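J.: Below is one structure. I have some questions about it.
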Amino acid sequence: MTEVAAEPIAEKLAELNLALSPEIHYRLGTVFSRTDSMSLEQAIGQKYPLVKACEPVLLKALFEREQVLFVCLGELRFQKTIVVLTNLRMLLFSTDRKQVPWQPYWAIYYSQISELQPVFMEQYKILLKDGSKLKFNYFPLQDRQNFQPIYSEAAQRVEEEGLDPPVSQSRENLCSNCFATVPKETYECEACGATFWMPFDLAIRSFIWLPIGIFAMRRTRVAIREVLIYLFLLFFVVFWQAKGNTTFAIFTLVLTNASFGDWIYKQAKRGLLLKEIPLEKQAVN
Ligand SMILES: [Zn+2]
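Start counting the sequence shown at 5; every next residue gets the next number (the working numbering).
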């Protein structure tokens with residue numbers, strides 16, 4: 005990894021007309037770190053869109069004076085996930101298809117990380133103190149080269165300072181509305197009153213009426229597509245029924261809803277999905 009001084013990066017960003025939020029403390033030298041074969045412009049070109057896309061979430065999630073050291077995009081259990089290292093902790097954001105951060109969100113204090121474990125090719129494992137693991141099926145090699153030294157330095161500093169906050173689990177769920185920590189097995193944010201879907205609740209609703217699960221995840225565009233697919237499927241069910249093949253029609257419908265309910269259940273188990281935000285707190289978002 006080559007850490008560049010902050011000044012040339014700031015100059016290059018200005019030259020390229022790329023602005024970063026002045027309210028976020030970036031360590032530019034590590035956020036735009038590069039390998040020896042890369043130019044500064046290439047490093048900025050690669051990272052800037054992702055960093056910029058994270059800013060609305062970072063503005064709400066970061067503590068005062070928390071500094072952003074590193075941002076990259078990987079795949080955690082086949083779900084696109086943004087990894088942010090700060091001087092205090094690791095933040096994880098799910099993303100939508102356009103790589104814009106989207107719920108669920110998590111935070112891991114460095115004191116909760118026991119080992120980084122590069123696996124085969126671009127796979128990567130992070131072992132946590134409570135025995136759980138983050139299994140990245142994709143963590144770009146180039147980002148990994150930069151990630152390790154940046155993590156080690158930050159984790160060592162935190163250890164020297166004795167920062168080991170109490171947690172309910174190593175990877176804490178964050179409220180998707182106010183970004184406060186929501187303890188394990190809790191579905192209401194104490195800080196803002198937002199509520200979250202309980203996995204079984206959501207799965208049952210999806211089983212009964214499939215699109216509700218997708219709408220609950222607040223991904224409207226995906227939801228509309230799923231509704232269209234679902235209506236298409238219903239059309240076939242009616243078609244088979246009309247042809248006298250009612251058993252097959254019911255079987256198809258039940259199987260589809262059950263497998264979708266199972267998928268939704270796993271999604272809601274992964275992290276917190278917003279159910280309701282109290283009216284007076286909605287401005288926070
Ligand atoms: Zn909250």
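Beta carbons: idealized from backbone N, C-alpha and C, even for Gly. Predicted model only: the values in this text are computed from it and were never measured.
What are the complete beta strand (DSSP E) segments, minimum 3 residues, inside the region 85-138?
T.: DSSP runs (the beta strand (DSSP E)) wholly in the region 85-138: 93-99, 105-113, 117-122 and 128-132.
J.: Distance, Cα to Cα, R93 vs E163?
T.: Each residue's alpha carbon lies about 12 Å from the other.
J.: Tell me, which residues are paired with F74 by DSSP?
T.: Its beta-bridge partners are L89.
J.: Quick one: Cα of N141 to Cα of A246, how far?
T.: N141 and A246: Cα-Cα distance of roughly 45 Å.
J.: To the nearest angstrom, how far is the alpha carbon of W201 from that of F97?
T.: About 18 Å.
J.: When we look at the beta-carbon of W267 and count the other beta-carbons within 10 Å, is it buried (16 or more) or exposed?
T.: Exposed, because fewer than 16 other Cβ atoms sit within 10 Å of the Cβ of W267.
J.: With a cut-off of 8 Å, does the C-beta of L138 fall near any C-beta of chain B?
T.: Of the protein chains in the structure, only one exists, and it is not chain B.
J.: Does W166 pass the burial test, meaning 16 or more other C-beta atoms within 10 Å, or should it be called exposed?
T.: Residue identity check: residue 166 is Gly in the sequence provided, not Trp. By the 10 Å Cβ count, G166 comes out exposed.
J.: Return the chain-ordered ranges of every alpha helix (DSSP H) run that is complete within the region 205-266 and spans a minimum of 4 residues.
T.: With a minimum length of 4 residues, the continuous alpha helix (DSSP H) runs that stay inside the region 205-266 are 215-220 and 224-246.
J.: Between the region 45-59 and the region 17-25, are three or more C-beta pairs nearer than 8 Å?
T.: Short answer: they touch.
J.: Please tell me whether K279 and F183 are closer than 8 Å, where the distance is taken between their beta carbons.
T.: Cβ distance not < 8 Å, so K279 and F183 don't count as in contact.
J.: Straight-line CA distance for E70 to A14?
T.: Taking the straight line from one Cα to the other gives about 19 Å.
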